[in-house]
Amino acid sequence: MTTKLDGKALARKLQEELKVKVTQLKQDGIQPCLAVILVGNDSASQVYVRNKKKVAQKLGIKTIDKQLPQTVNESELVDLVTELNQDENIHGILVQLPLPESIDEDLVMRAIDPAKDVDGFHPFNIGKLFMNKGQIVPCTPKGIMRLLAEYQINLDGKKVVIVGRSKIVGMPLIALMLNANATVTVAHSHTKNLKEITRDADIVITAIGQAEFFDMQYFNSDAIIIDVGTNRNEAGKLVGDVKRDAVMGHVAYLSPVPGGVGPMTITMLMEQTIQFAEERESKCNEKNI
Ligand code: NDP
């Protein structure tokens with residue numbers, strides 16, 4: 001039997017708790033506020049931004065939209081980020097990725113005030129994460145850790161294989177898993193004998209972006225699988241990197257697509273925005289003492 005790691009249900013529960021926090025903050029005169037910068041007309045990015053704004057609205061978080069044309073240049077974008085950094089009423093700044101190729105993504109990430117870096121991509125925050133001092137953590141890896149904790153999955157000494165080494169998923173997960181005392185292996189497109197590596201793992205996190213790539217040959221029957229992939233199959237259906245129907249029933253735990261990591265990611269974004277608003281409130285209170 002496979003236990004489903006139900007990110008959708010956990011996200012719903014956490015969002016109820018976040019709504020209460022927002023109400024409390026509003027009573028203290030603080031309106032959590034997230035600024036969202038979207039560059040160009042990428043349809044997937046537009047959908048992601050729309051979904052984020054919908055959840056923010058549901059929780060009572062204000063959002064400020066900054067839509068810029070594809071032709072915007074780096075310095076205009078950095079100027080906008082600087083302006084948002086200085087606005088005391090904005091607690092979190094999100095720059096929807098990917099940016100147009102003409103723009104240096106790292107430069108824009110570095111322009112964000114690390115204390116408003118709600119996505120956790122600023123090098124300062126990534127560095128702190130790798131020193132096990134991170135408070136601000138990229139949302140997808142944070143959501144994965146929270147999901148595992150909810151099901152009381154102990155990571156200490158576990159063999160964890162992360163397939164994919166991107167800046168937004170695999171890389172931060174390495175730090176989080178090491179910080180949790182897991183034994184971590186990272187696989188990527190140059191890895192040889194992937195099947196043997198994943199089959200030997202207690203926990204496998206798949207984040208390669210290839211529809212239904214992993215079947216049961218990649219896992220042992222006691223494995224815990226976290227599928228991060230968000231892909232469309234040939235029929236246009238949303239599927240993960242894992243062949244869900246082939247694996248369900250044959251591993252110990254599975255976080256499926258849809259209904260697993262996706263809802264957790266968006267919830268962690270909201271949690272981090274609210275956390276920043278709370279921190280601002282406590283700083284204001286300290287100043288008033
Ligand atoms: P990237 O394309 O940035 O990275 C993919 C990684 O997978 C790379 O490290 C690449 O290796 C590796 N890879 C590709 N093919 C293989 C293969 N056949 N075997 C082993 N490794 C391989 O993707 P992202 O990390 O941005 O996203 C990964 C997936 O997760 C996507 O489907 C994305 O949509 C989804 N996603 C879902 C989120 C959610 O909230 N649910 C959030 C973020 C992403 P190399 O480095 O060598 O190129």
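So the sequence shown is numbered by the UniProt record's numbering: it starts at 1 and just counts up by one.
Just so you know, even glycine gets a beta-carbon here, dropped at the ideal spot from N, CA and C.
- Assignment of beta-bridge partners to glycine 92 by DSSP yields Leu34.
- The stretch 143-159 and the stretch 112-129 do not touch, with fewer than three beta-carbon pairs separated by less than 8 Å.
- According to DSSP, threonine 3 shares a beta bridge with Tyr253.
- Taking a cut-off of 8 Å on C-beta distances, the stretch 223-233 does not touch the stretch 180-189, as fewer than three cross pairs fall below it.
- Here glutamine 27 carries a helix assignment [DSSP, helix/strand/coil].
- In terms of side-chain proximity, the C-beta atom of asparagine 89 is found no nearer than 8 Å to any non-hydrogen atom of the ligand NDP.
- Assignment of alpha helix (DSSP H) within the stretch 185-259, counting only whole runs of 4 or more residues, yields 194-199 and 244-247 in chain order.
- Residue pairing by DSSP puts lysine 66 in a beta bridge opposite Ile37.
- A direct Cα-Cα distance of roughly 26 Å separates valine 36 from valine 257.
- Applying a distance threshold of 6 Å between residue Cβ atoms and the heavy atoms of the ligand NDP selects Thr140, Val163, Gly164, Arg165, Ser166, Ile168, Val169, Gly170, Ala187, His188, Ser189, His190, Thr191, Leu194, Ala207, Ile208, Gly209, Gln210, Val228, Gly229, Thr230, Asn231, Val261, Gly262 and Thr265, given in chain order.
- Per DSSP, reduced to three states, the secondary structure at valine 72 is coil, with no helix or strand assignment.
- Here aspartate 79 carries a helix assignment [DSSP, helix/strand/coil].
- Rounded to the nearest whole angstrom, the CA to CA distance from valine 55 to proline 32 is 13 Å.
- DSSP lists Ile93 as the bridge partner or partners of aspartate 117.
- Here proline 172 really is in contact with proline 141; their C-beta atoms are around 4 Å apart, less than 8 Å.
- Comparing alpha-carbon positions, the option among Glu74, Gly127 and Ile144 lying closest to threonine 206 turns out to be Ile144.
- By the CB criterion at 9 Å, aspartate 227 and leucine 254 fall inside the cutoff.
- Around the beta carbon of alanine 175, a 10 Å sphere encloses 16 or more other beta carbons of the protein chains shown; the residue is thus reported as buried.
- Here lysine 167 carries a coil assignment [DSSP, helix/strand/coil].
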